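Structure first, commentary second.
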Amino acid sequence: QELAPLNSDTEPDRIDWSELEAQFGPVPAPPEGTKIGGVSKTLTNEYWRSLGEGYQHVADQYGVEFTYQAAQSEGDQLGQLSIAETLISQGFNALLVSPQTDANLVPAVEKATEAGIPVLNVNDAVIPSAEHYVGNVQKGNGVNVAQWFIDNRPDGGKVAVIEGQAGVYAAGQRTAGFTETIEGAGNFEVVASVPADWDRQKAYDAAATILQQNPDLIGFYANNDGMALGVVEAVKAAGLQDQVVVFGTDGISDAYASIRAGDLTGTVDSFPVLTGEVAMEVALRLMADQDLPRVVATPQALITADNIETYSTDDMAALRQALMAPAQ
Amino acid sequence: MPDQPSRLKLAGISKSFPGVRALDNVTFEVRPGEVHGLLGENGAGKSTLLNTLSAVFKADEGHIEIDGRPVEIRSPLEARAAGIAMIHQELQHVPHLTVAQNMFLGRPLKQASGLLVDRRGQEQRAREVLRDLDPTIDPKTPIRDLKVSQQQVVEIARALLENARVIAMDEPTSSLTPAEFDRLAVLIEQLAARGVSIIYVSHKMDEVFRVCDRATILRDGKFVDTVNMADMNEASIVARMVGREIVHQTHTSHERSDALLEVSDLGREKAVQGATFTLRRGEVLGISGLVGSGRTELLRLIAGIDRPTSGSIRVSGRSLPLHDPRAAIRAGIGLVPEDRKGHGIIRERSVAANMALPSMGRFSRYGLVSHRQRHRVAMKVMEDLRLRPLDVTRPIGKFSGGNQQKAIIGRWIAAGTEILLFDEPTRGIDVGAKSEIYALIERLAQEGKAIVVVSSEMLEIMRVSDRVMVMREGRLVATLERDQISEAAIAAHAIPQSQRSVHDASRPDRQDIIQ
Amino acid sequence: MTSTDFRDPAAKGTFARMVPNLRDLGTLFGLVVIFVAFTALNDTFLTVPNLVNILQQSSINACIALGMTMVIISGGIDLSVGPTAALSAVLAASAMVVGVPAPLAILLALAVGVACGVFNGVLIAYAGLQPFIVTLGGLSLYRALALIYTGGNPVFGLPEGFRDFLNGSLFGIPSPVVIVAVISLALWVMLNRSPLGEYILAVGGNEEAARISGVPVARTKIVTYALSGALASVAALILIGRLGAAEPTLGTLWELDAIAAAAIGGASLMGGKGSVVGTLLGAIILGALRNGLTLMNVQAFYQLLATGIIIIVAMLIDRATRGR
Amino acid sequence: MTSTDFRDPAAKGTFARMVPNLRDLGTLFGLVVIFVAFTALNDTFLTVPNLVNILQQSSINACIALGMTMVIISGGIDLSVGPTAALSAVLAASAMVVGVPAPLAILLALAVGVACGVFNGVLIAYAGLQPFIVTLGGLSLYRALALIYTGGNPVFGLPEGFRDFLNGSLFGIPSPVVIVAVISLALWVMLNRSPLGEYILAVGGNEEAARISGVPVARTKIVTYALSGALASVAALILIGRLGAAEPTLGTLWELDAIAAAAIGGASLMGGKGSVVGTLLGAIILGALRNGLTLMNVQAFYQLLATGIIIIVAMLIDRATRGR
Ligand SMILES: Nc1ncnc2c1ncn2[C@@H]1O[C@H](COP(=O)(O)OP(=O)(O)OP(=O)(O)O)[C@@H](O)[C@H]1O
Ligand SMILES: Nc1ncnc2c1ncn2[C@@H]1O[C@H](COP(=O)(O)OP(=O)(O)OP(=O)(O)O)[C@@H](O)[C@H]1O
Ligand SMILES: O[C@@H]1[C@@H](O)[C@@H](O)CO[C@H]1O
Ligand SMILES: [Mg+2]
Ligand SMILES: [Mg+2]
């Protein structure tokens, strides 16, 4: 079947995660001895470990044997491909992959598809030929933060973006979402938008330099939380914490802690554990031949001191409740 | 004769390095079929002159003519194409490549296809050329596995490969034994008879008198004279080289006292076996032997560089930890290695730094190096050894070969070392400096130091030694006391039974040449 | 002594040359140890499909590492291989997408690789800059060009014919493996039998001696970088054939893997030493390592740990095997 | 000739030693060109706060690069600096979090750095392995240990006192800059005035000759790696003081930046050459580059482009300035 190249952010054939149960019923129990494999980008970022936790929850719940492997660093494209290929040769019933880039896992996916193994692309690079995608709208991350500025800083002002690795899909989309939205508002100016390669130290240095040039800056948006936490320190070191707000992306636990401490202003949480759970459930549904839409959108929410308690929970059922509420 | 056209003419050559005018308007002519000596003290500019000829350096001024026609030589390859082959003073080879590959480096022999190297052909050719020089060298062995002397033979062989019209030899025999020189001398005669012009640089006067027809003498980068060898004797040549009188001394015996170094049953696999001897203060012990007889290896074992497989060493009665160069140095043992470039100098560092290396403690105060102290000592040693130019801060790599050698000896003098192991100590050292070094050895012995001299120069051994030990195939086979030392006696012990007849036949009486 | 040795030295030589050299045997031994260990620990490891898999997975690194080996032997280093690969990949892919026939696009890719290599080489050989710095500059430069040219987006839509060719197989052996085998053979001949090979060894072994002997030192260096660039392009073609897309970010960290393969295979970063066979074995060691650890489902952090330990242990074994 | 020169050579030497060497002047000129260019293009660049900023941002790389310089001069290389830093950072941070006093934790960090360095050094000096491979193994090994120890999570909650000390300043100069200045001075003295420095230069210049001259070759090598490890720890401490967290992933690619700084500053990867001043200038060049490009808000891809071009151009200027 000829699939149009996927754009996970705009694909019309989509469903929100919250509607899965309503439309397709409860998750069908998998047959005895089901084995599912997961290929992550890296385990050095809490985000990807949390995703794995979510996978594992559901796998445990349904008695599925689950194997989670990751490349050694973000950017290790060939290594990830080798891992994926090696996993496939071991006879899994479904595969959950989060590719380093849009293309680096294509041969593995093709091999799996040939073998009739369903493959889910879970976050954030998008394989254009992917039949199934589970994840959030990357662009939405940036849009969310821009919206906060528009709502909370009616006078506008100068803002800056700390980008992820040049050329990475998530980084590009998040930046674009933020920049387009905030510039659309008219009274904001994005005075700097520079890459820090997902690196806290580089983010710190970039932020320090940007503040040199723009002492009247009012806020930063960083493409992930690790970088945002570096920016926070730079802002503090410059003594500008009362003037400059800092936002991150991902919702890792350190970001939550920092928000509580009053350092980080907010983060766009894409609920990695929940995302992992949803993705694993989608895998089980697909194995039961349910005809799901191509994209299953997972939730994201801007977390600030105001709403942090609502989302800060290890109880996934409660979290699902909380997230469903506004969706309805 | 004077009207005979020259094969090669270097006209008005000048060349300066930062701080040194190495050549000052030197003109130099060589006739076809002539063996032309190029003589001068260390640092006189001999190598520099030859290097401008082979385009390793570009001359500041002057030009080159071949057969009366000016030629421009811009690269070593062009020099070779112009029929000029060169044997460099320092060994110039690629360690991991084979003998044959090294000989054909830069101009490989190609197969009929023109694409691939004709290995077999190269090895064949190499073997042919090596046959006359040293048939035991296998063209297929990596060159680093050869001994220094054999490497030098390869260097010579390489120059013979091409049908060059001019072969410039810059100290080709500095690490060869007399026997090997003899074979080279025969070859040189044959080449000259075929009309090849040879430029021959050497500090060994006997060699120069044996092979050269004429000689040009340089001093401090300037042309001094071109002479017919027939009209000259050693003294008159040397006078022109150094511009002063060299006092020739003969051997003086020294007061020997208590045993300083006791070596017993020292050995390393096949190379050295069961070496046992005692060295006293004030004594100069010569070690003679053929190339490969294990002399270098023996010195290295004593100096703690290599790990012995048997034996023990005592210094002043105290047993010395083996295979520990630092312990050896602390015990007062210093080695002047045979391979100056590979094992001696640290090119980029100053003479002072090179000299101070073994005795950092002596030049340090409060844990820091006292440059002032170091410079003062180095300067004194340099003056002592007539090292030129007299600049302690100059990187050692920028000195002429002979001066580098002096600096390495100076290293141990500066360190106040008690037991000095000299491996071919005058390799590449000019006549003037040579007698200075002999005098120095004498003086050191008189001061109560103990000295071992390994040398392939028979005259040198006889000149300096109080006692001579002869090595053969890894064993110390004879000890000759002062009154027993003679060339014949040494040779009788040094040469293995199997080779004796061959060797004697090709051997002229060397004493005659000198007188 | 030697004079009593009447064996024909030429015959002896030929025999000696047939036996792979000692250094390569050491590397081979390291590989064998790794294979034995994984075979003992996992059933899938020593099966034909998995071995083919390992070879296939090692082919890209092997390709890069072979070019790197030539550069390293000549005394240099090439950090820019990944971005060179990326640049030729996106240019060749774009060409194919707009209809340029595949063979022409392949030539284009090679030309780009050679151009990058020559640029590095000229700066090193003629301007006298340090290889590390020049190719570090290249690392940024070529990556930037690839990103700017594509706007950061992957180029999709490679013609099927091109992909089929690279994903096909010959007698059950995947094309990439065949391609790398052919390249290895050619490089082996080049290094061990051609004048150029001698020049490369000579320049790395003793540049001064090489210059004095009339070896065209500058040209030799440039050729090694050009070769490295060309092989980076070949690796890029193999990869985009497999991926069906050319990404401007492809090839990250390739330089480290390639240098590791060459070094495990006995190449010395001081120049003058290295072998085609050794590098191939090095690449396979690294490939087998990753494959085996994944088969055993070792977690990422412990894979990293194992990789570190195994590299060092393999080197120790190798060192012990061939003695001092 | 020289014999007529009666000046006191020692005095002459002292004078010569006051003038920075030619090589460092070349690097300085490269730096000046970059400064002039950025000053012309941006108003903020040449302001005191920004210059302080540049120094501060260069301090971590400078620290690593100084250790690297010692290793490089001795003829080696240390790829494991980043992971060494990460390991000592997470261990020291954890110690502080559970209440170990900061000075003790700092000692712990240094001990860890030295231990990693000694491990590298012993394998290189005694087992005779290639520095590149050993420290590539270390690169994986130490990173793995840091990741396993922390489970991949950053360690937060460093005591304020520790952070204040590292984020403080002396006469307006940030502590990290002061620390690096002190280290530089010490290393300069070590390299140029101490026996150890002579040994390092000798080992890198001609290892065999050094051994024969009684240089403790193995020990000297080990010391350089230990130094490199210790300085990696210092860099790690500076960084965690600044960021308030110790991440097991910190220090990625530090080795490349450090080697680049050393090489820009004139260190030769062949050993025997390198200078403290040159490396400092090299680190500042790289820091100024990143700072200037950020100030000018150059877009990501073009930053990469500019970095590549400027590195190469700076090297060309440097080369031209000091001639052949
Ligand atoms: N590459 C160089 N750089 C600087 N100075 C040099 C260089 N090569 C030679 N010199 C200097 O040029 C002068 C002549 O040196 P050269 O090597 O030609 O002497 P030589 O006559 O061959 O001496 P020897 O008998 O010791 O070999 C010496 O003062 C030497 O220090
Ligand atoms: N580099 C080497 N590779 C292999 N064998 C060697 C090497 N050096 C020495 N040997 C062995 O050690 C023996 C002794 O060599 P050594 O160099 O000590 O002799 P030598 O008498 O000093 O000769 P030379 O005049 O060449 O220095 C040789 O016969 C040879 O077998
Ligand atoms: O590293 C980032 C993570 O932080 C997460 O945001 C997903 O995208 C990755 O590339
Ligand atoms: Mg000379
Ligand atoms: Mg000897």
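Going down the list, the sequences are from chains A, B, C and D. Okay, so the first sequence: first residue is 76 according to the numbering used here, each after it adds one. Okay, so the second sequence: first residue is 211 according to the numbering used here, each after it adds one. Okay, so the third sequence: first residue is 3 according to the numbering used here, each after it adds one. Okay, so the fourth sequence: first residue is 3 according to the numbering used here, each after it adds one. Idealized CB from N, CA, C, for every residue including glycine. This one's a predicted model, so the numbers in the text were calculated from it and none came from an experiment.
Please compile the residues from chain B whose C-beta is within a distance smaller than 8 Å of the C-beta of residue i.
i, result
"residue 75/D", "Within chain B, no residue comes near residue 75/D; the closest Cβ sits about 11 Å away, beyond 8 Å."
"residue 213/D", "515, 535"
"residue 210/C", "302"
Note the first and the last residue of the continuous beta strand (DSSP E) segment covering residue i.
i, result
"residue 342/A", "341-344"
"residue 346/B", "Counting along the chain, residue 346/B falls outside any beta strand (DSSP E), and DSSP gives it neither H nor E."
"residue 585/B", "Counting along the chain, residue 585/B falls outside any beta strand (DSSP E), though it belongs to the alpha helix (DSSP H) covering 581-594."
What does residue i reach in chain C if we use C-beta pairs closer than 8 Å?
i, result
"residue 150/D", "303, 304, 307"
"residue 307/B", "200, 203, 204, 207"
Within 10 Å of its beta-carbon, does residue i have 16 or more other beta-carbons around it, so buried, or fewer, so exposed?
i, result
"residue 716/B", "Note on residue 716/B: pLDDT 42, under 50, position unreliable in the model; the coordinate value appears next. Exposed: under 16 other Cβ atoms inside 10 Å."
"residue 78/A", "exposed"
"residue 178/D", "buried"
"residue 345/B", "exposed"
"residue 108/A", "exposed"
"residue 17/D", "Summary for residue 17/D: the model assigns pLDDT 42, below 50, so the residue's position carries little reliability; its value from the coordinates is reported in the next sentence. Burial call: exposed."
"residue 106/C", "exposed"
"residue 629/B", "buried"
"residue 87/A", "exposed"
"residue 296/A", "buried"
"residue 173/D", "exposed"
Could you list which residues in chain A have their beta carbon closer than 8 Å to that of residue i, in chain order?
i, result
"residue 254/C", "150, 151, 152"
"residue 297/C", "161, 165"
Below 7 Å on C-beta distance, what does residue i contact in chain B?
i, result
"residue 203/D", "559"
According to DSSP, what are the bridge partners of residue i?
i, result
"residue 379/A", "341/A"
"residue 50/D", "According to DSSP, which records beta bridges pairwise, residue 50/D is partnered with nothing at all."
"residue 273/B", "221/B"
"residue 432/B", "429/B"
"residue 540/B", "DSSP lists no partner for residue 540/B."
"residue 140/A", "110/A"
"residue 679/B", "497/B, 689/B"
"residue 488/B", "472/B"
"residue 32/D", "DSSP output for residue 32/D lists no bridge partner at all."
Which residues in chain D have a C-beta closer than 8 Å to the C-beta of residue i? List them in chain order.
i, result
"residue 649/B", "Going along chain D, no residue has its Cβ under 8 Å from residue 649/B, so there is no contact; the nearest lies around 19 Å."
Using a cut-off of 9 Å between C-beta atoms, extract the partners of residue i located in chain A.
i, result
"residue 283/C", "Correct list: empty, because the minimum Cβ distance to chain A is about 18 Å."
"residue 110/C", "Chain A residues near residue 110/C: none, gap ~20 Å exceeds 9 Å."
Original post:
Closer than 8 Å, Cβ to any Cβ of chain A: which residues of the segment 61-92 of chain C, in chain order?
Top reply: For the segment 61-92 of chain C, residues whose beta-carbon sits nearer than 8 Å to a beta-carbon of chain A comprise 62, 63.
**OP:** Closer than 8 Å, Cβ to Cβ, to anything on chain A: give me those residues from the segment 222-253 of chain D, in chain order.
**Re:** 241, 244, 245, 246, 247, 249, 250, 251, 252
**OP:** Identify each residue in the segment 318-329 of chain B for which the Cβ-Cβ distance to at least one residue of chain C is less than 8 Å, and report them in chain order.
**Re:** 318, 320, 325, 326, 327, 329
**OP:** Mind checking the segment 185-197 of chain D against chain B and listing, in chain order, the residues whose C-beta falls within less than 8 Å of any C-beta there?
**Re:** 191, 195, 196, 197
**OP:** Name, going along the chain, the residues of the segment 35-55 of chain C whose beta-carbon falls closer than 7 Å to a beta-carbon of chain A.
**Re:** Hits within the stretch, in order: 46, 51, 52, 55.
Subject >> Interfacial residues, the segment 131-162 of chain C to chain A, with Cβ spacing under 8 Å >> reply: 149, 154, 156, 158
**OP:** Determine which residues of the segment 684-696 of chain B have a Cβ less than 7 Å from any Cβ of chain C, and write them out in chain order.
**Re:** none
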